[in-house]
Amino acid sequence: MSVAVLTLIVLAGSYLAGLVGSLTGLGGGVVIIPLLTLLLNVNIHYAIGASLISVIATSSGSAAAYVKEGITNIRLGMFLEIATTIGALAGAMLALHIQTSVIAVIFGVILIFSAIMSLRPKKEQIHDPKSQWAETLKLNSSYPVNDQVVKYGVQNVGGGFLMMLFAGIISGLLGIGSGALKVVAMDGIMRIPFKVSTTTSNFMIGVTAAASAVVYLQRGYIDPGLSMPVVIGVLLGALTGSKILVHTSSSQWIRWVFAVIVTFLAGQMIYNGLNHKI
Amino acid sequence: MKKIGDLDIQQIIGWVLRLGVLISMSVVFIGGCFYWYRHSGETANYSKFVGVPDFVHSASGIWHGIFTLRGRAIIQAGIILLIATPVIRVLFSAIGFILEKDWLYTGITILVLGIIILSAFTGHAG
Chain A
1 MSVAVLTLIV
11 LAGSYLAGLV
21 GSLTGLGGGV
31 VIIPLLTLLL
41 NVNIHYAIGA
51 SLISVIATSS
61 GSAAAYVKEG
71 ITNIRLGMFL
81 EIATTIGALA
91 GAMLALHIQT
101 SVIAVIFGVI
111 LIFSAIMSLR
121 PKKEQIHDPK
131 SQWAETLKLN
141 SSYPVNDQVV
151 KYGVQNVGGG
161 FLMMLFAGII
171 SGLLGIGSGA
181 LKVVAMDGIM
191 RIPFKVSTTT
201 SNFMIGVTAA
211 ASAVVYLQRG
221 YIDPGLSMPV
231 VIGVLLGALT
241 GSKILVHTSS
251 SQWIRWVFAV
261 IVTFLAGQMI
271 YNGLNHKI
Chain B
1001 MKKIGDLDIQ
1011 QIIGWVLRLG
1021 VLISMSVVFI
1031 GGCFYWYRHS
1041 GETANYSKFV
1051 GVPDFVHSAS
1061 GIWHGIFTLR
1071 GRAIIQAGII
1081 LLIATPVIRV
1091 LFSAIGFILE
1101 KDWLYTGITI
1111 LVLGIIILSA
1121 FTGHAG
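Taken in sequence, the protein lines are chains A and B.
Using the working numbering, count along the first sequence one by one with no gaps and you end on 278.
Using the working numbering, count along the second sequence one by one with no gaps and you end on 1126.
Quick look at the structure:
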């Protein structure tokens, strides 16, 4: 395949990945890696490197918008970034030493988990401050809801921190934002409002990815010729997705269609991994 | 008062992120044009992992490549700027916390910066 044809296919595919990734909240990385490895026979190390770069672009781009609205809990994000960056560093080092087929299988499992998580109904939860740790670390905060300021408390700081460590490892190992795991940590364990957890998770993804990207960069995993169409495509797709999201209130059917596709891709990744085809 | 200080930092952080993405993506795009012009007819093969070409693997190589208008060197420079964007954001957060005299979070932010710098150095080891 010529450079021209490959670049155009990757550009179009990345645009679609960015679009659906943004509409479903899964992120572009989870689609672009199967696309590159399964369809275009790209080595998974190159695919992960390119995906990681696109993750930094989309998360930084959308975090810029969210931060201005004042929903993001910057202190909580900063504190948990200790865990995600340590995890990302460990994950990136791990990726250098384990077999690509094992990475493919882990990727498939995380992919299925992310798809299930994206179907889960989202309810806003507000809890009163209870945790002493959250008090000491100044994690309890407030956010605007319909011109009102709503206060919320953060719980289970230690548990959330550990879960973030794991999310960081997965992010560094697989080159994805692992937003689904971050939401488990913040919604499920720390019990903070959904809107706050989504924007804060997004805020953290860029820094987490940067910590593993510096390792990948030096190891030659980030190929400019391949990363160029991936990062441009995913970013433009995500931009389009964020515009659509404003106009359509119900995107449940997209989530279902997407969950089925993602599960199918995940099955392929696991199958190829187990048969050492990746 | 404190809340207003918080919001100011958030505005600045928002701009840092926006500018970083805009600048780095422009550089990647320009590099992409040169790369396309020179190499679009060649055969692409990414099926085996062989690392990246030498001239995009070192700072001096990239620097030299930019001035000789080598597309992939320019793309790689853009990618490095993109990776730097969230790191610069952390730096601005640190400045914000210092201005607020929030020493706990100044420490936490510097710790995060330290971890990222550590990963930048471990790339050569292990």
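Just so you know, even glycine gets a beta-carbon here, dropped at the ideal spot from N, CA and C.
It should be emphasised that the depicted structure is a prediction, and the values quoted were computed from it without experimental measurement.
Margin query: Please identify the residue among A:ASN156, A:GLY172, A:VAL207, A:THR208 whose C-alpha is closest to the C-alpha of VAL184 (chain A).
Written below: A:ASN156
Notebook entry, point to check: Taking the Cβ atom as the reference point for each residue, do ILE103 (chain A) and VAL230 (chain A) lie within a distance shorter than 8 Å?
Noted result: no
Notebook entry, point to check: Do the segment 222–241 of chain A and the segment 1096–1113 of chain B meet, that is, are 3 or more Cβ pairs less than 8 Å apart?
Noted result: no
Next item on the list: For ALA279 (chain A), collect the residues of the same chain with a Cβ closer than 6 Å to its Cβ; drop the 5 residues on either side in sequence, then sort them by chain order.
Entry: Since the displayed chain A opens at 1 and closes at 278, residue 279 (chain A) lies outside it and no answer follows.
Notebook entry, point to check: If ILE270 (chain A) and ILE1083 (chain B) are in contact, beta carbons under 8 Å, what's the gap, nearest whole angstrom?
Noted result: With a Cβ gap of about 30 Å, ILE270 (chain A) and ILE1083 (chain B) do not count as contacting.
Checklist line | Minimum length 3: unbroken beta strand (DSSP E) runs contained in the segment 1015–1086 of chain B | finding: none
Margin query: I want to see whether chain B comes within less than 8 Å of VAL3 (chain A), judged by CB atoms only; does it?
Written below: yes
Next item on the list: Just list the alpha helix (DSSP H) runs in the segment 202–260 of chain A, keeping only unbroken ones of 4 residues or longer that don't cross its boundaries, in chain order.
Entry: 224–247
Item checked: Through-space distance from HIS1039 (chain B) to ILE71 (chain A), alpha-carbon basis -> 45 Å
Next item on the list: Look at ILE110 (chain A) and LEU39 (chain A) and say whether their C-beta atoms are less than 8 Å apart.
Entry: no
Checklist line | As assigned by DSSP and simplified to three states, the class of TRP1103 (chain B) | finding: helix
Margin query: Checking 8 Å against the spacing of the C-beta atoms, do THR24 (chain A) and VAL234 (chain A) come in under that value?
Written below: no
Checklist line | Nearest-angstrom Cα separation, counted from LEU137 (chain A) out to PRO193 (chain A) | finding: 18 Å
Notebook entry, point to check: Using the beta-carbon count (16 or more within 10 Å), is ASN275 (chain A) buried or exposed?
Noted result: exposed
Check: Which chain B residues are close to HIS127 (chain A), counting only those with a beta carbon under 8 Å from its beta carbon?
Finding: Under the 8 Å cutoff, chain B gives no residues; its nearest Cβ is about 21 Å from HIS127 (chain A).
Notebook entry, point to check: Residues of chain B with CB under 8 Å from ALA238 (chain A), in chain order?
Noted result: Ordered by position in chain B, no residue passes the 8 Å Cβ test against ALA238 (chain A), which lies about 11 Å from the chain.
Item checked: Rounded separation between LEU1051 (chain B) and ALA1044 (chain B) - CA only -> In the sequence under discussion, the amino acid at residue 1051 (chain B) is Gly, which differs from the Leu named in the question. About 14 Å.
Item checked: Closest residue to PHE1121 (chain B) among A:LEU76, A:ASN41, A:VAL214 (Cα-Cα distance) -> A:VAL214
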